[in-house]
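One point on numbering: in my numbering, the residue at position 74 of the sequence shown is 75, and numbering is uninterrupted. Ideal placement from N, C-alpha and C gives every residue a C-beta, glycine not left out.
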Amino acid sequence: MKNIKLKAAVLSSVMVLALSVTACNKDGGGEGTGTTDRQSAAPMGTVEPVNTEDNSLTVPENSTEKTNPPEESAATNTEPAPSETELTQKQETEPIVTTTPPPAEISPVEPPPETANKASQIAAAQVGKMFKLGGASPEQGFDNSGIVYYALTQSGIKCPRTAPEMSKIGEKKTADKLQAGDIAFFNMDNAEKTLFVALYIGEGKAVISTDEDQPVKIVDINSVWYKNAFAYGISPQA
């Protein structure tokens with residue numbers, strides 16, 4: 002009877018021990034599974050610590066990010082300067098514009114001194130010739146414009162025949178500006194119409210032919226009568 006009780010106690014102890022071992026195995030397996038689950042549940046975005054010793058930034062080879070090249074400055078002119086040959090060709094192909102200057106104003110040309118002196122000498126050589134209305138030669142005689150016309154044309158100076166025409170051939174000048182060979186114009190009482198003309202021969206003297214009863218003569222234009230009658234003088238064109 003005692004042996005039966007002892008066996009029952011041993012069997013009970015063995016069963017308890019077996020149950021304890023089984024429970025321990027279950028507890029250990031559960032802990033291992035939990036650890037694995039916890040590791041699997043860790044977030045995928047975990048960032049590894051950066052190596053602070055290397056300051057360079059490594060770009061992955063398979064990176065899809067594109068780096069745009071820097072835009073070229075609009076102010077930078079990369080076009081090369083034209084060569085001297087290109088500039089010459091460009092100048093040759095461009096049309097040449099020429100501008101014709103307006104014609105210069107031609108002033109009357111006064112006769113040279115020798116020509117004017119010759120006219121004065123020719124006029125003075127006619128002193129004593131008779132007055133003739135409309136005359137313009139030593140053979141015919143002279144009127145006031147005839148003696149002027151003859152002396153100037155014989156010395157090679159162009160001159161019209163009548164006093165009104167002579168008044169239009171040059172610029173007017175005062176008595177103190179007269180030179181040998183100039184035409185002196187006279188009128189009376191400031192009349193607009195010229196009374197007569199004479200050829201100035203210098204030193205205040207002029208050759209005239211105005212009176213029917215008097216021959217060609219030389220007068221002093223600075224005398225009172227002629228000074229008051231003087232209108233203006235003109236240098237004939239050569």
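Asked: Distance cut-off 7 angstroms: residue 183 Cβ against heavy atoms of the ligand MG; Found: You won't find the ligand MG in this model; it holds no ligand whatsoever.
Asked: Selected residue, minimal CA-CA separation from residue 210, among 114, 124, 116; Found: 124
Asked: Cβ-Cβ distance between residue 117 and residue 199 below 8 angstroms; Found: no
Asked: Inter-residue Cα distance where the pair is residue 129 and residue 141; Found: 13 angstroms
Asked: Selected residue, minimal CA-CA separation from residue 147, among 203, 201, 218, 137; Found: 137
Asked: Touching by the beta-carbon criterion (3+ pairs, under 8 angstroms), the stretch 162–173 and the stretch 221–236; Found: yes
Asked: Alpha-carbon spacing of residue 195 relative to residue 157, whole angstroms; Found: 25 angstroms
Asked: Per-residue burial, residue 177 [other beta carbons within 10 Å of its own, 16 or more giving buried]; Found: exposed
Asked: Cα-Cα separation, residue 160 to residue 184; Found: 10 angstroms
Asked: Reduced DSSP secondary structure (H/G/I, E/B, other) of residue 198; Found: strand
Asked: Under 8 angstroms between C-beta atoms of residue 223 and residue 203; Found: no
Asked: Residue 221 burial status per 10 Å Cβ neighbour count (16 or more: buried); Found: exposed
Asked: Same chain only: Cβ atoms within 6 angstroms of residue 162, ignoring 5 sequence neighbours per side; Found: 150
Asked: Runs of alpha helix (DSSP H) wholly within the stretch 114–158 (minimum 4 residues, chain order); Found: 114–125, 145–155
Asked: Minimum C-alpha distance to residue 139 - residue among 227, 189, 216; Found: 216
Asked: Residue 218 versus residue 165: straight-line alpha-carbon distance, rounded; Found: 22 angstroms
Asked: Euclidean distance between Cα positions of residue 207 and residue 153; Found: 14 angstroms
Asked: Three-state secondary structure (DSSP) of residue 228; Found: helix
Asked: Local conformation of residue 181 per DSSP, three classes; Found: coil
Asked: Counterpart residues of residue 221 in DSSP-defined beta bridges; Found: 206
Asked: Rounded Cβ spacing between residue 232 and residue 197 (contact assumed at less than 8 angstroms); Found: Incorrect: roughly 10 angstroms between the Cβ atoms, too far for contact.
Asked: Residue range of the alpha helix (DSSP H) that includes residue 165; Found: 164–167
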